[in-house]
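**Q**
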Amino acid sequence: MFLKGCLATGRLLSSFASRIGTVSSSWQPMLSAETAATASSSFGWRSLHTSVTWWKNSLLQQMHERGGPPPRRSRSKMKSPISGSNVMRGVVVKTVIRHPKKPNSGNRKCVLVKLTNGREICSYIPGVGHNLQEHSQVLVMGGRRRDLIGVRTKIVRGQLDCAPHKACNPASKK
53 MFLKGCLATG RLLSSFASRI GTVSSSWQPM LSAETAATAS SSFGWRSLHT
103 SVTWWKNSLL QQMHERGGPP PRRSRSKMKS PISGSNVMRG VVVKTVIRHP
153 KKPNSGNRKC VLVKLTNGRE ICSYIPGVGH NLQEHSQVLV MGGRRRDLIG
203 VRTKIVRGQL DCAPHKACNP ASKK
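To convert a position in the sequence shown, counted from 1, into my numbering, add 52.
1) Between the alpha carbons of Ser175 and Pro122, how many angstroms are there, rounded?
2) Residues in the same chain with beta-carbon distance under 6 Å from Arg198, minus the five sequence neighbours each way, listed in chain order, please.
3) So, with DSSP's three-state summary, where would you put Ser175?
4) Below 6 Å CB to CB, which residues in the same chain sit around Glu117 once its five sequence neighbours on both sides are set aside?
5) Report all residues from its chain with a CB closer than 7 Å to the CB of Ile201; omit the five preceding and five following residues, and keep chain order.
6) Taking only three categories from DSSP, how would you classify Leu191?
7) Between the C-alpha atoms of Val139 and Leu184, what's the straight-line distance to the nearest angstrom?
8) Do Asn156 and Ile149 have their CB atoms nearer than 8 Å?
9) Can you name the residues that DSSP bridges to Thr147?
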């Protein structure tokens with residue numbers, strides 16, 4: 053009912069404007085578009101563009117015109133922070149303690165390392181105890197620590213400024 057009233061109002065306005073004889077340029081396109089749109093469909097043109105079927109049909113039409121769906125992009129795997137090298141040298145920026153994911157507990161000793169390629173990464177220090185501090189030169193190798201989020205490299209012990217593992221001699225523990 054409301055739309056029929058709008059249609060009648062549009063006709064009244066256009067007939068009223070034609071009787072006056074002059075219609076301003078801003079009213080003429082609105083009147084003609086409104087009457088044409090309401091006359092062509094009972095819902096009006098706005099409901100057509102907001103419906104799901106229109107969106108789906110326009111998507112299918114675009115796919116048809118372009119010759120099928122667009123090619124799928126390959127997933128970008130998380131690139132290795134050491135970018136294909138076996139090891140990479142870096143400078144310790146800061147020593148940090150990270151906490152592992154849920155079933156595990158304890159503190160894991162890590163360092164933030166600025167690599168020679170300019171990237172800054174977090175690396176795990178394996179073994180018990182370490183002598184690393186800020187500005188130490190370290191060698192970083194790939195290999196993630198599964199219970200630490202975002203840690204995908206390890207420090208190579210015994211190279212550059214990082215001390216080797218403490219030798220555990222069971223014979224001396226008597």
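Just so you know, even glycine gets a beta-carbon here, dropped at the ideal spot from N, CA and C.
**A** Let me spell this out:
1) 39 Å
2) none
3) strand
4) none
5) Lys153
6) strand
7) 18 Å
8) no
9) Val163
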